[in-house]
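Chemist:
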Amino acid sequence: MNKILVTGASGQVGVELAQALRDKYGAGNVIATGYNSRPASEVAQNYPYCRLDVRDAPALNQIVEHYQCDTIFHLASLLSVVAETKPLEAWDINMNGLINVLETARTHNCAVFFPSSIGAFGPETPSFNTPQDTIQRPKSLYGITKVSGELLCDYYFHHYGVDTRGLRYPGLISNKALPGGGTTDYAVDIFYAAVKNRHYDCFLRADTQLDMMYMPDAVTAAITLMEVDSAKLKHRNAFNITAMSFTPEQLTAEIQKYLSDFTVSYRIDPVRQAIADSWPRHMDDSAARAEWGWEAKYDMATMVKDMLEQITVKLNKKLR
Ligand code: AKB
Numbered sequence: 047m048n049k050i051l052v053t054g055a056s057g058q059v060g061v062e063l064a065q066a067l068r069d070k071y072g073a074g075n076v077i078a079t080g081y082n083s084r085p086a087s088e089v090a091q092n093y094p095y096c097r098l099d100v101r102d103a104p105a106l107n108q109i110v111e112h113y114q115c116d117t118i119f120h121l122a123s124l125l126s127v128v129a130e131t132k133p134l135e136a137w138d139i140n141m142n143g144l145i146n147v148l149e150t151a152r153t154h155n156c157a158v159f160f161p162s163s164i165g166a167f168g169p170e171t172p173s174f175n176t177p178q179d180t181i182q183r184p185k186s187l188y189g190i191t192k193v194s195g196e197l198l199c200d201y202y203f204h205h206y207g208v209d210t211r212g213l214r215y216p217g218l219i220s221n222k223a224l225p226g227g228g229t230t231d232y233a234v235d236i237f238y239a240a241v242k243n244r245h246y247d248c249f250l251r252a253d254t255q256l257d258m259m260y261m262p263d264a265v266t267a268a269i270t271l272m273e274v275d276s277a278k279l280k281h282r283n284a285f286n287i288t289a290m291s292f293t294p295e296q297l298t299a300e301i302q303k304y305l306s307d308f309t310v311s312y313r314i315d316p317v318r319q320a321i322a323d324s325w326p327r328h329m330d331d332s333a334a335r336a337e338w339g340w341e342a343k344y345d346m347a348t349m350v351k352d353m354l355e356q357i358t359v360k361l362n363k364k365l366r
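With the first letter of the sequence shown counted as 1, position 96 gets the number 142 in my numbering; the numbers rise by one all the way through.
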């Protein structure tokens, strides 16, 4: 990777991935792009940043050509809950955005990173030790775009030799940018509520178990996958990866080790609960481990400790 384009660079993953790529490959070699003209976040300050709607193929081509990019991390997409409220727009952004990226990659010989998700699975998928290759019949529009995206990326690899690689991310927990309308957002919101108010109203049932990952691991995974020798990859789009698997009740108990007066009540959102109930509880990520050495650094205990420390500082509060 020499010149890297990141779409969706001011989103939850984009902010931290763009920074990690800049640290590693040089600030001038990472071109951050996003839907907003100049977002307030660091990602757009003092570094190459372009406004880009990924549905605008000529604009995307122009940026790739101008900066002579050889790699595209394509993060721009609508998440699961928002996609249910705007299915046509979600299809347009998630699918037309991706095909524009793949076509641009084909003509300019770029490698492509595509983030898939646990959302690419559905109720018929085995929910424990979810295999790498298994039934994928998602019921959410978001999930449908993720499976279609995986297939499209494989198609571009097999038919045109585009070096496409992808990960099925679980719920991602982070403290820089907020997630933008996903089913797993509770696992981020809960920390802000705990530090600010010592109380959280959770929109998922207490026993809803889902795969999760702390953002530093998610960022490392994307970069490692894109750097590995392609001869090692039997799979491409997309690898199961996980770091931890917990329920709201278990996460609450871990937070209470630091904030003993923290309480949670449950006000279930039927839309988000139905989506969560259709997703795996715990994926088997052995293909990622075997093919490119995937290993998470953070488990639930180390993630909770770090999240509480970071958010306490960010909100200028005290942990007692
Ligand atoms: C969402 O909840 O929509 C995302 C995801 C798991 O893909 N965080």
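Yeah, the Cβ is synthetic: ideal placement off N, Cα and C, and Gly gets one too.
Quick caveat, the model's predicted, so the values are computed rather than measured.
1) What's the C-alpha gap between S291 and N155?
2) Determine the DSSP secondary structure at T254, reduced to helix, strand or coil.
3) Should I301 go down as buried or exposed, given a rule of 16 or more other Cβ atoms within 10 Å for buried?
4) Straight-line CA distance for H281 to A333?
5) Does at least one heavy atom of the ligand AKB sit under 8 Å from the Cβ of P225?
6) Name the two residues that bound the continuous beta strand (DSSP E) containing S291.
7) What are the complete beta strand (DSSP E) segments, minimum 3 residues, inside the segment 77 to 140?
8) Beta-carbon within less than 8 Å of K132's beta-carbon, same chain only, minus the 5 sequence neighbours each way: which residues are those?
9) Expressed to the nearest angstrom, what Euclidean distance is found between the alpha-carbon atoms of L121 and P262?
10) In the DSSP assignment, find the alpha helix (DSSP H) that holds L213 and state where it starts and stops.
11) Need the endpoints of the alpha helix (DSSP H) that I314 sits in, please.
12) Between which residues of its own chain and D323 is the CB-CB distance below 8 Å, once the five residues before and five after are set aside?
13) Give the DSSP-derived three-state secondary structure of T176 in the structure shown.
14) Can you name, in chain order, every residue of its own chain whose Cβ lies under 6 Å from the Cβ of D307, other than the five neighbours on each side?
15) Is it the case that the CB of I164 approaches a heavy atom of the ligand AKB more closely than 8 Å?
Modeler: The short version:
1) The count along the sequence shown starts at 1 and reaches residue 291 at position 245. The count along the sequence shown starts at 1 and reaches residue 155 at position 109. Distance between the alpha carbons of S291 and N155: 38 Å.
2) The sequence position of residue 254 within the sequence shown is 208, counting from 1. The answer is coil: DSSP assigns T254 none of H, G, I, E or B.
3) Locating residue 301 in the sequence shown gives position 255, where the first residue counts as 1. Label assigned to I301: buried.
4) Here residue 281 refers to the residue found at position 235 of the sequence shown. Here residue 333 refers to the residue found at position 287 of the sequence shown. Using only the alpha carbons, I get a separation of about 8 Å.
5) Here residue 225 refers to the residue found at position 179 when the sequence shown is read from its first residue. Within the cutoff, so yes.
6) The count along the sequence shown starts at 1 and reaches residue 291 at position 245. It spans M290 to F292 - the beta strand (DSSP E) in which S291 sits, taken as one unbroken run.
7) 95 to 97 and 117 to 120
8) Within the sequence shown, the letter at position 86 stands for residue 132. Closer than 8 Å at the Cβ level, and outside the excluded window around K132, lie L124.
9) Your numbering for residue 121 matches position 75 in the sequence shown. Your numbering for residue 262 matches position 216 in the sequence shown. Near 16 Å, if we compare the C-alpha coordinates of P262 and L121.
10) Here residue 213 refers to the residue found at position 167 when the sequence shown is read from its first residue. Note, L213: premise wrong, no alpha helix (DSSP H); beta strand (DSSP E) at T210 to Y215.
11) Position 268 of the sequence shown, counting from 1, holds the residue named residue 314. Neither: I314 is in no alpha helix (DSSP H) and is coded neither H nor E.
12) On the sequence shown, position 277 is the one that residue 323 refers to. Answer for D323: P169 and T254, listed in chain order.
13) Along the sequence shown, one-based indexing puts residue 176 at 130. Residue state, collapsed to three classes: strand.
14) Sequence index remark: in the sequence shown, residue 307 carries index 261 (1-based). So the qualifying residues of the chain are R244.
15) Stepping through the sequence shown from its first residue, residue 164 is reached at position 118. It does: the Cβ of I164 is within 8 Å (strictly closer) of some heavy atom of the ligand AKB.
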